[in-house]
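Note that this note's numbering gives residue 101 to position 101 of the sequence shown, counting from 1, and the numbers run on in steps of one.
Where is the CB? At the ideal position from N, CA and C, for every residue including glycine.
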Amino acid sequence: MSLTSLKNPLFAGVIAVALTAPVLAEDLDTDEAMASYGIGYGFANGLVQQTQGVELDAEALEAGLRAAMAGEESELSNAQINAAIEALQQQLQAQQSTPEEGN
Numbered sequence: 001m002s003l004t005s006l007k008n009p010l011f012a013g014v015i016a017v018a019l020t021a022p023v024l025a026e027d028l029d030t031d032e033a034m035a036s037y038g039i040g041y042g043f044a045n046g047l048v049q050q051t052q053g054v055e056l057d058a059e060a061l062e063a064g065l066r067a068a069m070a071g072e073e074s075e076l077s078n079a080q081i082n083a084a085i086e087a088l089q090q091q092l093q094a095q096q097s098t099p100e101e102g103n
């Protein structure tokens, strides 16, 4: 599975919704809030499926999303980000090509 969508700014913006402070049902009282929650929930489910078996650092993910949404400079260069994503993709591919024990 590809994580190239991690390079998409929309992808980063959408995940930020899923990483904000916990939202209670009573806080979801506007169309904007409900749509944001739904997008975040769907995005997070997709992310879990894409990275199944690979642990992500939720705090670093949240920090990157918040910085991007605030229009701040990245703490990492594009080269560093691309190298890390490629390493994660290789890890996912290795896990997918390794037969599960007991099969």
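- Taking 8 Å as the upper bound for CB-CB distance, V54 and L88 are in contact here, some 6 Å apart.
- Between L76 and A84, the C-beta spacing is below 9 Å.
- Look at S77 here: in three-state DSSP terms it is coil, with no helix or strand label.
- In the structure shown, A25 falls within a helical segment according to DSSP collapsed to helix, strand and coil.
- Leaving aside the five residues that flank E26 on each side, none in its chain has a CB nearer than 6 Å to its CB.
- By the neighbour-count criterion, in which 16 or more other beta carbons inside 10 Å mark a residue as buried, G64 falls on the buried side.
- Annotated three-state conformation of D31 is helix, per DSSP.
- If you draw a straight line from the Cα of N78 to the Cα of E32, it comes to about 32 Å.
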